[in-house]
Amino acid sequence: MSGVQLVTVTENDEGVRLDRWFKRQFPGLGHGHLEKMLRKRQIKVDGARAKTSTRLEAGQEIRIPPMDPILSENMEPKAQIVSAADTADLQERVIYRDKDILAINKPAGLAVQGGSRTHRHLDGMLDVLQFDAVERPRLVHRLDKDTSGVLLLGRNARSTAALTEAFREKETGKTYWALVYGKPGKQSGQISLNLAKRQSQTPGKRGERVEVDMEQGKPAVTNFEIIDVTEFAGSTFSWVQLEPLTGRTHQLRVHMTATGTPIVGDGKYSDGRALPEELSAHLYLHARKIRLPGSKGKAGDIVAPMPPHMEAAWGKLGFKLP
Numbered sequence: 084m085s086g087v088q089l090v091t092v093t094e095n096d097e098g099v100r101l102d103r104w105f106k107r108q109f110p111g112l113g114h115g116h117l118e119k120m121l122r123k124r125q126i127k128v129d130g131a132r133a134k135t136s137t138r139l140e141a142g143q144e145i146r147i148p149p150m151d152p153i154l155s156e157n158m159e160p161k162a163q164i165v166s167a168a169d170t171a172d173l174q175e176r177v178i179y180r181d182k183d184i185l186a187i188n189k190p191a192g193l194a195v196q197g198g199s200r201t202h203r204h205l206d207g208m209l210d211v212l213q214f215d216a217v218e219r220p221r222l223v224h225r226l227d228k229d230t231s232g233v234l235l236l237g238r239n240a241r242s243t244a245a246l247t248e249a250f251r252e253k254e255t256g257k258t259y260w261a262l263v264y265g266k267p268g269k270q271s272g273q274i275s276l277n278l279a280k281r282q283s284q285t286p287g288k289r290g291e292r293v294e295v296d297m298e299q300g301k302p303a304v305t306n307f308e309i310i311d312v313t314e315f316a317g318s319t320f321s322w323v324q325l326e327p328l329t330g331r332t333h334q335l336r337v338h339m340t341a342t343g344t345p346i347v348g349d350g351k352y353s354d355g356r357a358l359p360e361e362l363s364a365h366l367y368l369h370a371r372k373i374r375l376p377g378s379k380g381k382a383g384d385i386v387a388p389m390p391p392h393m394e395a396a397w398g399k400l401g402f403k404l405p
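Going by this note's numbering, the sequence shown opens with residue 84, and the numbers climb by one from there.
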């Protein structure tokens, strides 16, 4: 980076700490160097002084100063040593590819990005998905570790910026499939419940938790539709289609729990209902489809087949896939 840049915070980074945002964008940037630039006010948020603990909001502008050549050489994410088995698996998971866009069917259980206790993640394996491109592919958005489904990658800087802009301007559409306990009160409808992040108060459980907070929370809107309902192992289960109109962290999981129909296998937000022995212990949430506008790419609708644990559950529950 040879000059000052202004980067707009997307909804995907809503609520993220400033230091964590920089770690995601520039893995080669040390914490001490970041602190120094903040002290000198070289980094600002919406023109104001910021701290490492500053929580970002969608639409804010982050001022990024010029980076020296030695630092810029280390800006790319550190690649992991990827086994032959992981390489083959990831490459087989490609469900769409052109010169600008690549989409994979992310498996449940694989983190998209690293963290203090996450050392195996997709971001560190992207070299094996470069194929014939000149540049290493870049993440455009994220999915929770335990959520499977469509994940988009930009194959060059231009397409990554265009896709990021499409997400920011809500020119894309996401469709999820989920298995929930019980049956929603209506065949279809809209859930509009503001969400806020809180530090977990549960003994022995660290980290953040998202909660409904109509006064201080950020607006979060989800459309839902029941596809099918069944009785199994003495309980009612529904196959629902979910379309988030906003991109809050854990939005679908919290919204479904708040409306009395938690997603099966959600150990963080479920209301304590036991997982039937006949179903495997996974989160039953799948990013089924992403719809891209024609002006941003040639792909149109990109659809991901369901993962094995959901296919098996659908068979046991008697749901018929299209």
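Virtual Cβ for every residue (Gly too), placed ideally from N, Cα, C.
Under 8 Å, do residue i and residue j count as touching if we go by C-beta distance?
| i | j | result |
| --- | --- | --- |
| TYR352 | SER318 | no |
| ARG251 | ASP183 | no |
| VAL223 | LEU246 | yes |
| LYS266 | ILE309 | yes |
| VAL312 | ALA341 | no |
| LYS403 | THR258 | no |
| ALA191 | THR230 | yes |
| LEU236 | LEU212 | yes |
| THR344 | GLU326 | no |
| LEU185 | LYS228 | no |
| LYS280 | GLY98 | yes |
| PHE307 | LEU400 | no |
| HIS375 | ILE346 | According to the sequence shown, residue 375 is Leu rather than His. No. |
By DSSP, does residue i sit in helix, in strand, or in coil?
| i | result |
| --- | --- |
| GLY130 | coil |
| VAL92 | coil |
| LYS399 | helix |
| ALA364 | coil |
| VAL323 | strand |
| VAL337 | helix |
| LYS106 | helix |
| LYS379 | Its pLDDT being 44, under 50, LYS379 is placed unreliably in this model, and the value from its coordinates should be taken loosely. Three-state result, LYS379: coil. |
| ALA245 | helix |
| ARG138 | strand |
| ARG124 | coil |
| ARG251 | helix |
| LYS301 | strand |
With DSSP as the reference, identify every bridge partner of residue i, one or two as the case may be.
| i | result |
| --- | --- |
| HIS369 | SER231, TRP260 |
| PHE307 | GLY272, LEU325 |
| THR313 | PHE320 |
| ILE147 | GLN88 |
| GLY282 | Looking at the sequence itself, residue 282 is Gln, so the reference to Gly does not match. In the DSSP output, where bridge partners are listed per residue, GLN282 has GLU291. |
| ASP384 | ARG374 |
Considering only residues of the same chain and omitting the five flanking positions on each side of residue i, which have a CB-CB separation below 6 Å?
| i | result |
| --- | --- |
| MET389 | HIS369 |
| THR91 | GLU144 |
| THR332 | VAL293 |
What residues in its chain sit with their C-beta under 8 Å from that of residue i, if we drop five residues either side in the sequence?
| i | result |
| --- | --- |
| ARG100 | THR135, SER136, THR137, ARG138, LEU139 |
| PRO302 | SER275, ASN277, THR329 |
Counting only the same chain and skipping the five closest in sequence on each side, list residues whose C-beta sits under 7 Å from that of residue i.
| i | result |
| --- | --- |
| ALA133 | LEU101, LEU121, ILE126, LYS127 |
| ALA316 | PRO359, GLU361 |
| ARG107 | GLN196 |
| LEU117 | ASP102, PHE105, THR135 |
_Unbroken stretches of the beta strand (DSSP E), 3 residues or longer, contained in the segment 167-243_ = Positions of the beta strand (DSSP E) runs, each at least 3 residues long and wholly inside the segment 167-243, are given as 177-180, 184-189, 231-237 in order along the chain.
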